[in-house]
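Engineer:
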Amino acid sequence: MKQFKIILTALFALAVFIVNGQDTKPNLNPDEIDTFIGKVMEDWNIPGMGIGIVHKDELIYQKGYGYRDYGNKLPFTSQTLVQIASNTKLFTVIAAGMLVEEDVLTWDEPIKKSVPEIEFFNDHLNNNVTLRDMLGHLTGISRHDLIWFQSDFTRKEIFDRLKYLEPSAPLRTKFIYNNIMYTAVGYIIELKSGMTWEDFVTERILKPLEMNQTLFSIEKMQQTRDYGVPYNEKSDTTLLYKVELKTDGHAVGPAGAIISNIDDISKWVITILNDGKYKNRQVIPSSVLKETLEPVFAFRNRNVELHGWKESLNTQAALGRFTEVYRGNFLTNHGGSMPGFQTQISMLPHDSIGIIVFGLGDQSRRAVDFVTHNLIEHLLGLDQTDWNSRYLTFRDINRQTFISGRTREDHDRVDNTTPTHPVSDYTGFFTNPMYGDFTTYLRNDTLFFNFRNTEVPLSHYHFNRFDSDFDEDFGKWSLNFLINPQGEIGSFVVSLDQKQAEFIRKPDPALSTIEVLSQYIGFFGDETFETEVRIVGGKLLFGSTELVPHKKHVFKVKDFDNRLVEFVAQANEVNAIQLKNEYGVFEFKKLR
2 MKQFKIILTA
12 LFALAVFIVN
22 GQDTKPNLNP
32 DEIDTFIGKV
42 MEDWNIPGMG
52 IGIVHKDELI
62 YQKGYGYRDY
72 GNKLPFTSQT
82 LVQIASNTKL
92 FTVIAAGMLV
102 EEDVLTWDEP
112 IKKSVPEIEF
122 FNDHLNNNVT
132 LRDMLGHLTG
142 ISRHDLIWFQ
152 SDFTRKEIFD
162 RLKYLEPSAP
172 LRTKFIYNNI
182 MYTAVGYIIE
192 LKSGMTWEDF
202 VTERILKPLE
212 MNQTLFSIEK
222 MQQTRDYGVP
232 YNEKSDTTLL
242 YKVELKTDGH
252 AVGPAGAIIS
262 NIDDISKWVI
272 TILNDGKYKN
282 RQVIPSSVLK
292 ETLEPVFAFR
302 NRNVELHGWK
312 ESLNTQAALG
322 RFTEVYRGNF
332 LTNHGGSMPG
342 FQTQISMLPH
352 DSIGIIVFGL
362 GDQSRRAVDF
372 VTHNLIEHLL
382 GLDQTDWNSR
392 YLTFRDINRQ
402 TFISGRTRED
412 HDRVDNTTPT
422 HPVSDYTGFF
432 TNPMYGDFTT
442 YLRNDTLFFN
452 FRNTEVPLSH
462 YHFNRFDSDF
472 DEDFGKWSLN
482 FLINPQGEIG
492 SFVVSLDQKQ
502 AEFIRKPDPA
512 LSTIEVLSQY
522 IGFFGDETFE
532 TEVRIVGGKL
542 LFGSTELVPH
552 KKHVFKVKDF
562 DNRLVEFVAQ
572 ANEVNAIQLK
582 NEYGVFEFKK
592 LR
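Just so we're aligned, residue 2 is where the sequence shown starts under the working numbering, counting upward by one.
(1) Check each candidate in Leu-381, Arg-301, Pro-510 and Pro-296 and name the one with the smallest Cα separation from Phe-431.
(2) Excluding sequence positions up to five away, which residues of its chain have a Cβ less than 8 angstroms from the Cβ of Phe-449?
(3) Ordered along the chain, which non-local residues of its own chain (more than five positions away) have a Cβ less than 8 angstroms from that of Ile-271?
(4) Let me check understanding here. Comparing Cα to Cα, which of Ile-484, Pro-209 and Gly-257 lies closest to Ile-268?
(5) Measure the CB-CB distance between Gly-526 and Phe-589 and report whether it falls below 7 angstroms.
(6) Since I believe Glu-191 is in contact with Thr-197 (beta carbons under 8 angstroms), could you give me their beta-carbon distance rounded to a whole number of angstroms?
(7) Quick one: complete beta strand (DSSP E) runs, 3+ long, within the region 368-452?
(8) What are the boundary residues of the beta strand (DSSP E) that includes Leu-480?
(9) Is the beta carbon of Ile-505 less than 7 angstroms from the beta carbon of Asp-426?
(10) Could you check what DSSP says for Glu-110 in three-state terms: helix, strand or coil?
(11) Terminal residues of the continuous alpha helix (DSSP H) containing Ser-287?
(12) Looking only at its chain, what residues have a beta carbon closer than 6 angstroms to the beta carbon of Pro-340, apart from the 5 residues adjacent to it on each side?
(13) Assuming the contact rule is C-beta atoms closer than 8 angstroms, Tyr-681 and Arg-144 should be a hit. Round their C-beta distance to whole Å, please.
(14) Under 8 angstroms: do the region 225-235 and the region 64-79 share three or more Cβ pairs, one atom per stretch?
(15) Between the Cα of Phe-154 and the Cα atoms of Lys-247, Thr-238, Val-253 and Ala-318, which residue gives the shortest distance?
(16) Using DSSP's beta-bridge definition, name the partner residues of Glu-199.
(17) Please state whether the Cβ-Cβ distance between Ala-163 and Gly-141 is less than 7 angstroms.
(18) Starting from Val-41 and walking both ways along the alpha helix (DSSP H), at which residues does that stretch end?
(19) What's the C-alpha gap between Thr-419 and Tyr-462?
(20) I believe Asn-180 touches Gly-257 by the beta-carbon criterion, under 8 angstroms. Please report the beta-carbon distance rounded to the nearest angstrom.
(21) Mind reading off the beta-carbon distance from Ile-259 to Phe-217? Whole number of angstroms is fine, and I expect it under 8 angstroms.
(22) According to DSSP, which residues form a beta bridge with Ile-346?
(23) Tell me the rounded alpha-carbon separation between His-138 and Ala-319.
(24) Could you check whether Phe-568 and His-554 sit closer than 7 angstroms to each other, using their CB atoms as the reference points?
(25) Between which two residues does the beta strand (DSSP E) harbouring His-551 extend?
(26) Is the beta carbon of Val-558 sitting closer than 7 angstroms to the one on Gln-520?
(27) Measure the Cβ-Cβ separation of Val-537 and Phe-543 and say whether it is below 7 angstroms.
(28) Report yes if the CB atom of Ile-189 is closer than 7 angstroms to the CB atom of Val-101, and no otherwise.
(29) Buried or exposed for Asn-90, going by 16 or more other Cβ atoms inside 10 Å?
(30) Whose CA, out of Asp-104, Asp-446 and Asn-334, lies closest to the CA of Val-1?
(31) Alpha carbon to alpha carbon, how far is Tyr-232 from Asp-134? Give it in angstroms, no decimals.
(32) What distance in whole Å lies between the Cβ atoms of Glu-503 and Val-517, which are believed to be in contact at a cut-off of 8 angstroms?
(33) Kindly list the residues whose CB is nearer than 6 angstroms to the CB of Pro-486, restricted to its own chain and excluding five residues on each side of it in sequence; keep chain order.
(34) Please work out which residues of its chain come closer than 8 angstroms, Cβ to Cβ, to Met-2, disregarding the five sequence neighbours upstream and downstream, and give them in chain order.
(35) Give the C-beta separation of Ile-206 and Ile-95 to the nearest angstrom, bearing in mind that I take them to be a contact with Cβ-Cβ under 8 angstroms.
(36) Should Phe-27 go down as buried or exposed, given a rule of 16 or more other Cβ atoms within 10 Å for buried?
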């Protein structure tokens, strides 16, 4: 009996330990956190940071460090608004998941069944791409971020450009991060709900969670009293410069437009940690949250392979977030990056802990990640991994490599060459079906280009290549102009995103008006040949062949740059047509 009592007492003590262990708050020492964050900010030249820590249904720690506006020395607070960038994606996943719950969409049937309006590059994608593929970055389509970055495209215009995006890998074989797919899903939410993505997220998520300070536009953010003003490091130096906030690009909102603060995001984290409940109300369906944790792609443990680091293992992509095992603890996370804003939102679901880290300046990109890991170790009472020193070493090596490499930027220049044409011939309007319009023009004998509302000067590099100087925010550009079969500057190629793109010279848009095209219709031929020129769907057809406007009275045969059709006019009256190709010039009179 005595032995039984001892065993019973031991079991009771163990049960109390387990229960108390589950209810015990995380280890939290504000002074240690302050010291650590202060050193990180100094080492990485970060002007301002914000930290939020959630446990269960409570924001147990929130603090701003440094300045939200370095130039005016305004303090960063828990209410400082920042662009959370790609941490927006989980909002979009959950919004789409709500429509799945309502049987409006499905996760795993081809999206075209639910959304016939969508058009991908080919029939294989049309017949197979699912909502899960789009949200899990599994379509095999590269990012092409410059389609949306700083563009004036509407969300529908980006959605309509999906058909131009050629996959770079077979469907579901590679993880290729793609913001445009999230933009497309945002537009699908609008098509299926009748509400814009912004309105849907506001009504179904933000309002129920009392996230009343959360916004969608830089313009509205700048009307508030407490928002982040980012300062980046100037290349090759530690000098800080103010980053111009971009107020365009709203169309890509579902991939990264949400602007929020520590206080508001803590409510979002609390709700997710509590299985979709906020103040005992089920706001997010539990089944949708489970789908966001369903793995879609597994990554190799490269840090182990390359560096022997074993703290973070078995990273997998899910929907709108990633999962990993960090020192034996299940962790979900996602980062966010926009010019001058870096964020990381992470959760330990089985420990009911959430960590929010905001950083100002692109130099904080790595820091928001490892600060999260060090805070996890702090909260769980683990010894600290010196992530800071590890990544500082890499930063310094990369910085020296970059400085050294840029001293050889003229490595392929051919000396003593001149352009083939007068500089004025390189000016004009050019276009690409994916990226839109690109303008070149002269100012004081200098060639400039304007793309995405950004003006950049060019200088002659060699032959028909013109380069820009390096710009801190817009990078370095190299335009190689091409001569068409008629000996004219007809296009240029430029490296954009993951692929070289060609921009074709645009003809005068007046040449495509019905009023102008109407003067060319009629029958042309001779004693042995007759064909009709007519207008079909706003296009000019020579027989069944489409003609593309080139210049006044001159058209190119579609898909044949070296074949021209020129209408001969006298006294503003078309009386003949000339077919010009590699075989010669063939003229036919207008018959009627």
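C-beta: ideal position from N, C-alpha, C; glycine also.
Structural biologist: Straight from the coordinates:
(1) If you number the sequence shown from 1, residue 431 lands on position 430. For Phe-431, the nearest C-alpha among the options comes from Pro-510.
(2) As a working mapping, residue 449 is identified with position 448 in the sequence shown. Excluding sequence neighbours, Phe-449 sits near Thr-441, Tyr-442, Leu-443, Glu-456, Val-457, Pro-458 and Leu-459.
(3) For the purposes of this step, residue 271 is taken as the residue at position 270 of the sequence shown. If you ignore the 5 residues before and after Ile-271, its C-beta comes within less than 8 angstroms of the C-beta of Val-55, Lys-57, Asp-58, Glu-59, Leu-60, Tyr-279 and Gly-355, all in its own chain and listed in chain order.
(4) The residue labelled residue 268 in the question sits at position 267 within the sequence shown. Before going further, note that residue 268 is Lys rather than Ile in the sequence given. If we check each option's Cα against that of Lys-268, Pro-209 comes out closest.
(5) Reading the sequence shown from its first residue, position 525 is the one you call residue 526. Reading the sequence shown from its first residue, position 588 is the one you call residue 589. A contact, by the Cβ cut-off of 7 angstroms.
(6) Looking up residue 197 in the sequence shown gives position 196. Looking up residue 191 in the sequence shown gives position 190. Right, their Cβ atoms sit about 5 angstroms apart.
(7) List check, beta strand (DSSP E) in window: 429-433, 437-444 and 447-452.
(8) Translated into the one-based positions of the sequence shown, residue 480 becomes position 479. Element bounds for Leu-480: 479-484.
(9) On the sequence shown, position 504 is the one that residue 505 refers to. On the sequence shown, position 425 is the one that residue 426 refers to. In this structure, the beta-carbon distance from Ile-505 to Asp-426 does not fall below 7 angstroms.
(10) For the purposes of this step, residue 110 is taken as residue 109 along the sequence shown, with counting starting at 1. The answer is coil: DSSP assigns Glu-110 none of H, G, I, E or B.
(11) One-based indexing of the sequence shown puts residue 287 at position 286. Annotation: the continuous alpha helix (DSSP H) that includes Ser-287 extends over 287-293.
(12) Your numbering for residue 340 matches position 339 in the sequence shown. Closer than 6 angstroms at Cβ, skipping near neighbours: Val-244.
(13) Outside the displayed range of the chain (2 to 593) lies residue 681, so it cannot be described from this structure.
(14) Short answer: they touch.
(15) Along the sequence shown, one-based indexing puts residue 154 at 153. Relative to the Cα of Phe-154, the nearest Cα in the group Lys-247, Thr-238, Val-253 and Ala-318 belongs to Val-253.
(16) Taking the sequence shown and counting its residues from 1, one reaches residue 199 at position 198. Answer is none; Glu-199 lacks a bridge partner.
(17) The sequence position of residue 163 within the sequence shown is 162, counting from 1. The sequence position of residue 141 within the sequence shown is 140, counting from 1. A quick correction: the sequence has Leu, not Ala, at residue 163. For the pair Leu-163 and Gly-141, the CB atoms are not nearer than the 7 angstroms cut-off.
(18) Residue mapping note: residue 41 aligns to position 40 of the sequence shown, counting from 1. Per DSSP, the unbroken alpha helix (DSSP H) holding Val-41 starts and ends at 31-45.
(19) To locate residue 419, count along the sequence shown from 1; it is residue 418. To locate residue 462, count along the sequence shown from 1; it is residue 461. Approximately 9 angstroms between the Cα atoms of the pair.
(20) Residue 180 sits at position 179 when you count from the first residue of the sequence shown. Residue 257 sits at position 256 when you count from the first residue of the sequence shown. Here Asn-180 really is in contact with Gly-257; their C-beta atoms are around 7 angstroms apart, less than 8 angstroms.
(21) Translated into the one-based positions of the sequence shown, residue 259 becomes position 258. Translated into the one-based positions of the sequence shown, residue 217 becomes position 216. Contact flag correct, Cβ pair sits at about 6 angstroms.
(22) One-based indexing of the sequence shown puts residue 346 at position 345. DSSP output for Ile-346 lists His-335 and Ile-357 as bridge partner(s).
(23) On the sequence shown, position 137 is the one that residue 138 refers to. On the sequence shown, position 318 is the one that residue 319 refers to. Distance between the alpha carbons of His-138 and Ala-319: 9 angstroms.
(24) Against the sequence shown, residue 554 aligns to sequence position 553. Against the sequence shown, residue 568 aligns to sequence position 567. With respect to the 7 angstroms criterion, His-554 and Phe-568 are classified as neighbours on the basis of their beta carbons.
(25) Locating residue 551 in the sequence shown gives position 550, where the first residue counts as 1. For His-551, the uninterrupted beta strand (DSSP E) run begins and ends at 546-552, by DSSP.
(26) What you label residue 558 is simply residue 557 of the sequence shown in a count that begins at 1. What you label residue 520 is simply residue 519 of the sequence shown in a count that begins at 1. In this structure, Val-558 lies away from Gln-520, with their beta-carbon atoms at least 7 angstroms apart.
(27) The residue given as residue 537 occupies position 536 in the sequence shown. The residue given as residue 543 occupies position 542 in the sequence shown. Result no, Cβ atoms of Val-537 and Phe-543 do not sit closer than 7 angstroms.
(28) To locate residue 189, count along the sequence shown from 1; it is residue 188. To locate residue 101, count along the sequence shown from 1; it is residue 100. Cβ atoms of Ile-189 and Val-101: not closer than 7 angstroms.
(29) Position 89 of the sequence shown holds residue 90. What sits at residue 90 in the sequence shown is Lys, not Asn. Under a 10 Å Cβ-count criterion, Lys-90 is classified as buried, with 16 or more other Cβ atoms of the shown protein chains found around its own Cβ.
(30) Because residue 1 is not part of the residues shown, which for the chain are 2 to 593, the question remains open.
(31) As a first step, residue 134 is located in the sequence shown; it is residue number 133 there, counting from the start. As a first step, residue 232 is located in the sequence shown; it is residue number 231 there, counting from the start. If you take the alpha carbons of Asp-134 and Tyr-232, they lie about 36 angstroms apart.
(32) Along the sequence shown, one-based indexing puts residue 517 at 516. Along the sequence shown, one-based indexing puts residue 503 at 502. Taking a contact as a CB-CB distance under 8 angstroms, the pair Val-517 and Glu-503 does not count as one, their CB atoms being some 26 angstroms apart.
(33) Here residue 486 refers to the residue found at position 485 when the sequence shown is read from its first residue. Closer than 6 angstroms at the Cβ level, and outside the excluded window around Pro-486, lie Asp-562 and Asn-563.
(34) In the sequence shown, counting from the first residue as 1, residue 2 sits at position 1. For Met-2, the predicted structure reports a pLDDT of 43, less than 50, and the residue's modelled location is therefore unreliable. A value from the coordinates is still provided. The beta carbon of Met-2 lies closer than 8 angstroms to none in the same chain, with the five residues before and after it left out.
(35) In the sequence shown, counting from the first residue as 1, residue 206 sits at position 205. In the sequence shown, counting from the first residue as 1, residue 95 sits at position 94. Contact flag correct, Cβ pair sits at about 7 angstroms.
(36) Numbered from its first residue, the sequence shown carries residue 27 at position 26. In the sequence under discussion, the amino acid at residue 27 is Pro, which differs from the Phe named in the question. Under this definition Pro-27 is a buried residue.
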